[in-house]
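Quick notes on the structure that follows.
Numbering (the numbering used here), first residue to last: 14 to 549.
Right under this line is the structure:
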């Protein structure tokens with residue numbers, strides 16, 4: 014009997030095409046995000062001629078992190094080319110890479126095309142744009158690339174067992190060591206390599222001295238890498254104690270407090286949590302007269318995406334062949350580990366311990382742990398109901414409808430969060446246009462201009478972007494290569510320029526519902542400056 018390979022290829026092409034479509038729709042809102050934290054825009058302004066020395070500066074000594082001497086330069090990658098397409102690629106592709114590499118790992122562990130496809134669907138449909146200091150919006154390229162390196166290292170490590178090649182073992186150890194130079198929290202992922210070594214050597218089933226020694230030999234390169242890193246890390250901190258509280262251990266740490274902090278910090282990585290946390294943004298941006306967000310007013314693209322997700326999910330569930338419960342149980346246990354592994358080190362610091370943080374940089378990584386746990390529970394239930402075909406079909410339909418609901422709410426929330434952040438970034442575009450297009454006549458580097466009102470935005474999440482280290486003077490050094498006489502504080506502006514013949518004051522107003530905004534510049538003599546800007 015001959016198989017029709019053309020039908021198989023067409024089927025695969027259709028699945029991959031629909032999956033690609035789902036992913037494009039999922040990640041498109043990220044193109045609207047722009048700057049979300051002061052750290053990013055500060056780094057952006059420093060990546061210009063004459064400022065490169067500030068990229069590293071005193072950061073390694075202030076934070077007690079030796080790897081900042083080179084990792085700070087890696088953080089500048091998204092800003093090396095001042096182009097929105099380039100920025101979006103460096104921002105989005107590493108996140109996509111995390112999804113692809115994690116899905117590949119799931120496939121290599123379970124060897125089930127159904128679980129693999131459903132993993133890809135679940136990741137895309139429940140991916141949340143968290144905002145603030147989450148790496149779904151902040152610190153583009155850097156942390157997600159580091160995580161990609163870990164996932165590549167895990168894939169290579171598994172290959173070292175499958176192909177019995179020592180070179181793969183050493184390569185994976187080197188990759189893991191490189192990843193720890195991105196973030197000390199990544200040290201905890203050495204535990205995952207330990208789990209893989211136990212699994213691949215079948216330690217629990219074959220309890221012999223030879224197996225124990227073989228497992229130890231498989232882990233020696235990682236043990237050496239971890240020890241070298243710890244010596245360098247704590248050796249540097251011995252000579253340069255960190256002044257940053259996030260790099261210091263909290264006092265009176267307890268196991269309960271540590272896991273409580275980590276659990277809360279993982280909150281926004283669990284599906285639908287961002288929607289419930291920030292659904293006010295949906296009401297804020299709705300254009301309906303009653304001011305109510307309703308399903309019937311959702312973006313048609315999101316609804317179409319939800320339907321595609323349902324079709325793909327049903328296909329994956331329908332193709333599923335039973336996996337042993339013990340394998341699903343171990344997958345669930347590993348999922349729990351993947352939730353806490355990236356969060357425990359951060360949770361132990363004095364800055365975050367018991368401080369009720371709902372998300373931070375490593376929260377995104379916990380998402381993969383929750384996804385794995387949900388997958389294992391879902392397929393365990395599918396095993397249970399598979400004795401009855403009607404019952405299995407009912408369960409599959411229920412899961413597909415549930416996934417449609419999750420996808421629709423999640424993507425609607427993502428679009429609202431992205432729209433809110435885009436609102437914040439409008440002011441940068443307008444200020445850039447105004448200065449480059451000569452809106453202020455006869456502007457020179459000595460012309461006094463006050464930019465205080467451009468710090469005000471109707472964006473909820475972007476409100477603090479320019480209120481940390483940012484200055485408009487530095488921003489335009491990056492844009493134009495010149496240092497202009499721009500001042501961010503009106504009170505200081507008045508004190509400094511009250512005797513000037515000509516000064517300019519920027520006024521900025523922004524709509525709360527749309528991206529509509531107005532920016533204009535008032536020119537007047539210094540002695541006519543009022544006490545407050547609104548009195549002009």
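We put the beta carbon where it would ideally sit given N, CA and C, even for glycine.
Predicted, not measured: the structure shown is a model, and the values here were computed from it.
Spatially closest choice to residue 254 from 79, 376 and 406, by CA coordinates
79
Our contact map puts residue 146 next to residue 373 with C-beta atoms below 8 Å; I'd like the distance itself, whole angstroms only.
6 Å
Alpha helix (DSSP H) segment containing residue 320, residue limits:
313–332
Looking at residue 409 and residue 330, is the spacing between their C-beta atoms short of 8 Å?
yes
Any idea which residues DSSP pairs residue 463 with across the strands?
500 and 518
Selected residue, minimal CA-CA separation from residue 364, among 266, 388, 407 and 118:
266
Nearest by alpha-carbon distance to residue 468: which of 460, 523, 516 and 446 is it?
523
Over the uninterrupted alpha helix (DSSP H) stretch that includes residue 192, give me the two end residues.
179–193
Could you compute how far the alpha carbon of residue 134 sits from the alpha carbon of residue 165?
21 Å
Please classify residue 241 as buried or exposed, where buried requires at least 16 other C-beta atoms within 10 Å of its C-beta.
exposed
Meets three-Cβ-pair contact criterion under 8 Å: the stretch 184–202 and the stretch 159–173:
yes
Counted within 10 angstroms of its Cβ, other Cβ atoms place residue 175 as buried (16 or more) or exposed
exposed
Reduced DSSP secondary structure (H/G/I, E/B, other) of residue 531
strand
Three-state secondary structure assigned by DSSP to residue 173:
helix
Could you name the residues that DSSP lists as bridge partners for residue 536?
517
Measure the C-alpha to C-alpha separation of residue 10 and residue 202 and round it to an integer number of angstroms.
Limits of the chain in this structure are 14 at one end and 549 at the other, which puts residue 10 out of reach.
Residue nearest to residue 455 in terms of C-alpha spacing, selected from 32, 184 and 515
515
CB of residue 168 within 8 Å of CB of residue 121, strictly
yes
8 Å Cβ cutoff met for residue 159 and residue 200:
no
Would you tell me roughly how many angstroms separate the C-alpha atoms of residue 117 and residue 416, rounded to the nearest one?
22 Å
Find out if the Cβ-Cβ distance for the pair residue 465, residue 487 is shorter than 8 Å.
no
Residue 351 burial status per 10 Å Cβ neighbour count (16 or more: buried):
buried
So residue 431 and residue 43 are in contact, right, with Cβ under 8 Å, and what is the actual spacing, rounded?
7 Å
In angstroms, rounded to a whole number, what distance separates the CA positions of residue 59 and residue 137?
34 Å
My output table needs one value for residue 2: the three-state DSSP class, helix, strand or coil.
Given a span of 14 to 549 for the chain in the structure shown, any question on residue 2 remains unanswerable.
Measuring straight from C-alpha to C-alpha, what distance separates residue 23 and residue 182?
37 Å
Close beta carbons around residue 480, own chain, < 8 Å, minus the five adjacent residues each side
51 and 468
What does the Cβ neighbour count give for residue 45, buried or exposed, with the cut at 16 atoms within 10 Å?
buried
Cβ atoms of residue 281 and residue 376: under 8 Å apart, would you say?
yes
Inspect the beta-carbon positions of residue 314 and residue 38 and report whether they are closer than 8 Å.
yes
Contact check, residue 72 vs residue 83, beta carbons under 8 Å
no
Helix, strand or coil, according to DSSP, for residue 362 in the structure here?
strand
Identify the continuous alpha helix (DSSP H) that holds residue 250 and give its terminal residues.
222–252
Nonlocal neighbours in the same chain, by C-beta distance under 7 Å from residue 470, ignoring five residues either side
436, 437, 440, 476 and 523
Closer than 7 Å to a non-hydrogen atom of the ligand ADP - does that hold for the CB of residue 541?
Because no ligand of any kind appears in the structure shown, any question about the ligand ADP cannot be addressed here.
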